[in-house]
Amino acid sequence: MLESIRKNKIIAAVAAFMDRKYFPFIMGAIIAILHIAGLNEVGFVFVGVVLCFINLFSSDTRPAVPVVFTAVLVVSTRSDKMQASVEYFTRPSVIAVLVVAMSLIIVSALLRLYYDKSVLGCFKVRRLSYGFAAFSAALLLGGLGSKFFAVDSWELAVTMILTGLILYMYFSGTLKRRDDDFEYLAYCCMTAAAVIIVELAALYIRVYEPGMPLDSYFKSKLVIGWGISNPIGELLAFMLAPVFLLVYKKNHGWLYYIFAIAILVAIFFSLSRNALLFGSSVFVAMTAVCIVKSRKNRLGVSISAGVVLVAFIVAAAIGHDGELENNLFAFIKRVGMNDNGRFRLWKQYFGFFREYPVFGAGFAACGTLGSATMQLAHDTIFQLLGSCGVVGIAAHVYHRYQTVTLFVKKTNIYRTIFGVALLAYIGMGLLDPIYFFANFTIYYTVILVFAEKDLEHSLAADEAREKTETSEISENSVVVPEQAEVK
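Heads up, the sequence shown is in the working numbering, so the first residue is 2 and it goes up one at a time.
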């Protein structure tokens, strides 16, 4: 029945439209408009309907990637109902809309697996399967036997499993590999970054007044809805490296380089020190790679980088010790290298580990996710030690070992660029709790799925080539008996 519906001309035309390269940009534009207009509930339903359509009628689930990359970005504080995020998401009307949207997504995904007979494909053991499964089990076991262990401890664990293991299994079983996968994924990352930049600019237009210093007080106003100052900047930094794939590969790569500069500027205005540290490092490193490795865009990137450097030097000279400089760098100058309470949290979570070394104290030891009282450790290692103990650390190390092999085995420039993106994400996770944020986990998981499929394709191609060469050698080495010498 589903196949006959898919063959309908209108359904097929819409599915073909969603499968095109520019669909991510259209999706991003719609999400940005809904966000700025404060139409959260409309956005939830829209995302649910689009994902439902893709699950049921698209030949491949790749069009779902730009949808899940931008879905969370629709949440806006401009909604009439949204005062505080937790209060907003506990309203009956909002819960009802979310239930409808999630039901559409889940039911359509299950129907796809059933009709396409791809259930076994989702459960197929792959390179990352055991690592994802072990880490998920460790998250569920976190806090077992501790005085803090409760159902609340599973709230965070379940969100990570849904956006980690479950999403990995679904996309691995339903997403078909294509030659332009990494380019498409880079466009999706670029779209997400563009939406964030638009949302951040709209927020500045609303809350910034001329002459206002960008200090701690102003930083507290940087609340978009789906995130605050630090996650905003860190997600931009996460999306930065993939844009350089387009700088490296595409014609007129210098245009994409200008967009990368825009991302770096937006990171600065997010007032996130962590994002600025890793974002600027990625920007410099990837600029060097493009200048050295990209024959196509070497000149354009070099000129653009030179112009940016000169502009920065001139701006620094003009604004030095002036009011503009003081206003722009007010937060960074005041805070400097201050830990902002991180050391206290690390000590507290290490104390949980010492008290419960095997399974940790769970994720509810410092508040709960549902009540917005949860205080995470702002460091992946201390969080796992305190919440999941030795079991959590061991599972994480195993998972990390498996992910690293994707990027060091039979490397290529495209997988390496996305490896840099993940490296920045993991590094930022050592200073902030983003490794345990569901939206960040979605980006992380999808990138791993694409990288795994690319590596498997490369290894399969090598194996096929070796078999062909072996067969040719065997055919050419057939010995023909020489004629007996006549004496």
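No residue lacks a Cβ here, since even glycine has one placed at the ideal position from N, Cα and C.
Just so we're clear, the structure is a prediction, and the values are computed from it rather than from any experiment.
Just checking my contact of residue i with residue j at CB under 8 Å: how many whole Å lie between their CB atoms?
i      : j      : result
Phe176 : Asp61  : Position check: residue 176 holds Leu in this sequence, whereas Phe was assumed. Yes, they are in contact, since the Cβ atoms of Leu176 and Asp61 sit about 6 Å apart, within 8 Å.
Leu272 : Leu223 : 6 Å
Gly212 : Asn328 : 7 Å
Gly143 : Ala158 : 6 Å
Cys389 : Gln376 : Going by Cβ atoms, the distance from Cys389 to Gln376 rounds to 16 Å, so no, they are not a contact pair.
Lys125 : Gly165 : Between Gly165 and Lys125 the Cβ distance is about 17 Å, and since that is not below 8 Å, they are no contact.
Cys190 : Val248 : Contact flag wrong, Cβ pair sits at about 12 Å.
Glu235 : Asp433 : 6 Å
Leu424 : Ala452 : That pair is no contact at about 13 Å.
Ala462 : Ala135 : Not a contact, Cβ separation roughly 30 Å.
Ile180 : Thr369 : Looking at the sequence provided, one finds Asp at residue 180 rather than Ile. Rounded, the Cβ-Cβ distance is 46 Å, inconsistent with contact.
Gly226 : Ser77  : 4 Å
Asp182 : Arg335 : Not quite, the Cβ-Cβ distance comes to about 44 Å (not below 8 Å), so this is no contact.
Thr442 : Met161 : 6 Å
Ala276 : Ala238 : 4 Å
With distances taken from CA atoms, which of the options is nearest residue i?
i      : options                           : result
Asp20  : Leu3, Arg63, Asn9 and Glu42       : Arg63
His379 : Lys297, Pro232, Tyr188 and Val100 : Pro232
Gln384 : Leu424, Ile435 and His400         : Ile435
Leu105 : Ile382, Phe45 and Met2            : Phe45
Asn252 : Pro214, Val290, Leu277 and Asn298 : Asn298
Gly254 : Ala38, Ser295, Leu112 and Ala289  : Ser295
Leu246 : Leu237, Tyr257, Tyr171 and Ile31  : Tyr257
Phe260 : Ala276, Phe438, Leu241 and Ile107 : Leu241
Trp347 : Val421, His458, Leu386 and Gly361 : Leu386
Ser230 : Lys334, Arg207 and Ile268         : Ile268
Val168 : Ala13, Val392 and Tyr444          : Checking the displayed sequence, the identity of residue 168 turns out to be Leu instead of Val. The shortest C-alpha separation from Leu168 is found at Tyr444.
Val199 : Asp180, Met429, Leu74 and Cys53   : Leu74
Gly361 : Arg335, Val391 and Phe90          : Val391
Thr446 : Val51, Phe70 and Cys53            : Phe70
Phe289 : Gly307, Asn56, Ala276 and Leu278  : Note on identity: in this sequence residue 289 is Ala, with Phe being the wrong assignment. Among Gly307, Asn56, Ala276 and Leu278, the Cα nearest to that of Ala289 belongs to Gly307.
Asn56  : Glu4, Leu449, Phe437 and Glu473   : Glu4
Lys8   : Ser59, Asp180, Gly122 and Gly39   : Ser59
His458 : Met28, Arg127 and Tyr116          : Arg127
Ile382 : Val421, Thr404, Lys410 and Gly428 : Gly428
With 16 other CB atoms within 10 Å as the buried threshold, where does residue i fall?
i      : result
Met338 : exposed
Leu300 : exposed
Ser475 : exposed
Ala97  : exposed
Ser109 : buried
Glu486 : Only weak support is given to the placement of Glu486: the predicted model assigns it a pLDDT of 49, under 50, and the question is left unresolved by the model.
Ile314 : exposed
Lys10  : exposed
Leu310 : exposed
Thr412 : exposed
Ser305 : buried
Ile6   : exposed
Ile206 : exposed
Arg274 : buried
Asp493 : With the chain represented from 2 up to 488, any question about residue 493 goes unanswered, as that position is not in the structure.
Pro67  : buried
Leu460 : exposed
Gly132 : buried
Ser503 : Lying before the first or after the last residue shown, residue 503 is absent from the chain, which here runs from 2 to 488.
Thr471 : exposed
Glu473 : exposed
Tyr23  : exposed
Lys250 : buried
Asn477 : exposed
Leu121 : exposed
Leu111 : exposed
Lys488 : Confidence is the limiting factor: at Lys488 the pLDDT is only 41, short of 50, which leaves the residue's position unreliable and the question unanswerable from this model.
To which residues does DSSP link residue i through a beta bridge?
i     : result
Ser77 : Gly226
Check for me: the alpha helix (DSSP H) holding residue i runs from which residue to which?
i      : result
Asn440 : Ala439 to Asn477
Met191 : Asp182 to Val208
Lys8   : Looking at the DSSP string, Lys8 is not in any alpha helix (DSSP H), and its letter there is neither H nor E.
Tyr399 : Thr381 to Val409
Cys123 : Val120 to Cys123
Ile418 : Ile414 to Met429
Ser94  : Pro93 to Tyr116
Met287 : Arg274 to Lys294
Leu346 : Arg343 to Glu356
Val68  : Ala65 to Thr71
Phe150 : Looking at the DSSP string, Phe150 is not in any alpha helix (DSSP H), and its letter there is neither H nor E.
Val359 : Note, Val359: premise wrong, no alpha helix (DSSP H); not H, not E.
Arg178 : Unbroken run through Arg178: none, as it is neither H nor E.
Ser59  : Element bounds for Ser59: n/a, residue is neither H nor E.
Lys334 : Ala331 to Val336
His36  : Phe24 to Ala38
Gly132 : Ser130 to Leu142
Ile268 : Gly254 to Phe270
Lys297 : Unbroken run through Lys297: none, as it is neither H nor E.
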